[in-house]
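The sequence shown begins at 1 in UniProt numbering and counts up by one. Input: a single structure, listed below in structure tokens.
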Amino acid sequence: MAPVAATRSIHRSLPSPVSGSFPERVEKLKSPSFALNVLAREAEKKKKKSLSVAPRSTPMSAALGGSARTEPEIVPVSPEDVPKREEQFVHLQQLGDTSAGMWPKPTVKRKTKIVCTIGPSTNTREMIWKLAEAGMNVARLNMSHGDHASHQKVIDLVKEYNAQSKDNVIAIMLDTKGPEVRSGDLPQPIMLTPGQEFTFTIRRGVGTADCVSVNYDDFVNDVEVGDMLLVDGGMMSLLVKSMTEDSVKCEVVDGGELKSRRHLNVRGKSATLPSITDKDWDDIKFGVDNKVDFYAVSFVKDAQVVHELKNYLQSCGADIHVIVKIESADSIPNLHSIITASDGVMHLKSWTLHL
Numbered sequence: 001m002a003p004v005a006a007t008r009s010i011h012r013s014l015p016s017p018v019s020g021s022f023p024e025r026v027e028k029l030k031s032p033s034f035a036l037n038v039l040a041r042e043a044e045k046k047k048k049k050s051l052s053v054a055p056r057s058t059p060m061s062a063a064l065g066g067s068a069r070t071e072p073e074i075v076p077v078s079p080e081d082v083p084k085r086e087e088q089f090v091h092l093q094q095l096g097d098t099s100a101g102m103w104p105k106p107t108v109k110r111k112t113k114i115v116c117t118i119g120p121s122t123n124t125r126e127m128i129w130k131l132a133e134a135g136m137n138v139a140r141l142n143m144s145h146g147d148h149a150s151h152q153k154v155i156d157l158v159k160e161y162n163a164q165s166k167d168n169v170i171a172i173m174l175d176t177k178g179p180e181v182r183s184g185d186l187p188q189p190i191m192l193t194p195g196q197e198f199t200f201t202i203r204r205g206v207g208t209a210d211c212v213s214v215n216y217d218d219f220v221n222d223v224e225v226g227d228m229l230l231v232d233g234g235m236m237s238l239l240v241k242s243m244t245e246d247s248v249k250c251e252v253v254d255g256g257e258l259k260s261r262r263h264l265n266v267r268g269k270s271a272t273l274p275s276i277t278d279k280d281w282d283d284i285k286f287g288v289d290n291k292v293d294f295y296a297v298s299f300v301k302d303a304q305v306v307h308e309l310k311n312y313l314q315s316c317g318a319d320i321h322v323i324v325k326i327e328s329a330d331s332i333p334n335l336h337s338i339i340t341a342s343d344g345v346m347h348l349k350s351w352t353l354h355l
């Protein structure tokens, strides 16, 4: 009955719940004849001990004249004394399940957070609920796409989820577009091949097989012959061969599929654009009105832009944290002051391609 004794010992060593229901549940797990069987076996053991055991002579005792030790006879074990291992195992397993239900497992919070960008395929109530239950911690709104009406819908849905959730709150991050230089619209993607000549122009509305417009009027002043122009952080690259008053003519080095509104930058240089554009300020005010939790500021080159934004937020009485995005080599000389001024840093996976 060792397993049964172990069960009782475990029960005595465990702290009883305040409700006192644990001992009752343990008693219910025992078989109906549990106590009777234990008492009967204990009485049988005492009876056997009280009986005298007839000595049996051994060759050694005969040689010593019968005065040596004798071996007791071995009493056969009754089949009833054979432990019912399977039954006892089931009882122990049930007891373990009961104790697990009485004391909940410790809760360990995940420190790494999951940020999900909410777009057209996920901006419904059903999808936001699913993302939240799956582990989303932050809902990111990319202000480079969509309008305030579509982003307002997402903000309202996230706040609705937070209002009904007991222990899970989703933060809202507004990611500004920043001072980006982008190519214009194309009727269809263009396949660029190495050695091909291709032109970027500041004339609006141009989109052909060998020329596309850009959204930045000073683009021709920011590049020089010999510069390497990168598309989408280096997915494609073009070498600047010559320039005119309104166009930059290039030779394709690394080809690929050029689509509409692709990000453009010159390796080792930055466009002479303001760190926070007029559109960014409009989006920031939108975030203040909706009391978002984070701003992710794109293309931060120095700490001045962080101080400027924080001063504005303080004047509005807004408790919004500023996350800086390190996206070009221009940030590296000022990295320490940028980090010191900000509340967090977002490291872009493709920024090393800008060096």
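Beta carbons are placed, not taken as given, at the ideal position from N, Cα and C, and that holds for glycine.
Beta-carbon gap between residue i and residue j smaller than 7 Å
i	j	result
Met228	Ser237	yes
Phe198	Cys250	yes
Gly344	Ile326	no
Arg262	Ser183	yes
Ser260	Leu186	yes
Pro194	Gly234	no
Ile172	Asn162	no
Identity of the residues DSSP links to residue i by a beta bridge
i	result
Tyr295	Leu174 and Val322
Ser203	Checking the displayed sequence, the identity of residue 203 turns out to be Arg instead of Ser. According to DSSP, Arg203 bridges with nothing at all.
Asn265	Leu230
Gly344	Ile323
Phe198	Cys250
C-alpha gap between residue i and residue j, whole angstroms
i	j	result
Asp278	Val154	23 Å
Thr272	Val223	11 Å
Leu157	Leu309	27 Å
Ala209	Ile190	6 Å
Val306	Leu348	18 Å
Ile296	Gln152	First, the residue type needs correcting, since residue 296 is Ala and not Ile in the sequence shown. If you take the alpha carbons of Ala296 and Gln152, they lie about 17 Å apart.
Val115	Arg203	38 Å
Lys269	Lys301	11 Å
Ile332	Ser121	36 Å
Pro17	Leu313	With a pLDDT of only 42 at Pro17, under the threshold of 50, the placement of this residue in the model should not be trusted; the figure read from the coordinates follows. Between Pro17 and Leu313, the C-alpha separation is close to 51 Å.
Asp280	Phe294	14 Å
Trp129	Val181	35 Å
Gly119	Arg125	12 Å
Ser275	Asp232	19 Å
Residue interval of the beta strand (DSSP E) (run including residue i)
i	result
Ala139	Val138 to Asn142
Met235	No beta strand (DSSP E) holds Met235; DSSP gives it neither H nor E.
His336	Run containing His336: none in the beta strand (DSSP E); it sits in the alpha helix (DSSP H), Leu335 to Ala341.
Val115	Val115 to Thr117
Ile190	Ile190 to Leu192
Opening and closing residue of the alpha helix (DSSP H) in which residue i lies
i	result
Lys249	That residue, Lys249, is in no alpha helix (DSSP H); its beta strand (DSSP E) goes Ser247 to Asp254.
Arg131	According to the sequence as given, residue 131 is Leu; it is not Arg. Note, Leu131: alpha helix (DSSP H), Arg125 to Ala134.
Val212	Looking at the DSSP string, Val212 is not in any alpha helix (DSSP H); the run it does join, the beta strand (DSSP E), is Cys211 to Ser213.
Leu157	His148 to Gln164
For this session: Assess, as a yes-or-no matter, whether the stretch 133–150 is touched by the stretch 174–185 under the definition of 3 or more beta carbon pairs within less than 8 Å.
Result: As far as the Cβ criterion goes, the stretch 174–185 touches the stretch 133–150, which means the pair count is three or higher.
Exercise. Does the stretch 280–290 come within contact of the stretch 311–321, defined as at least 3 CB pairs closer than 8 Å?
Worked result: With a cut-off of 8 Å on Cβ pairs, the stretch 280–290 is in contact with the stretch 311–321, counting three or more such pairs.
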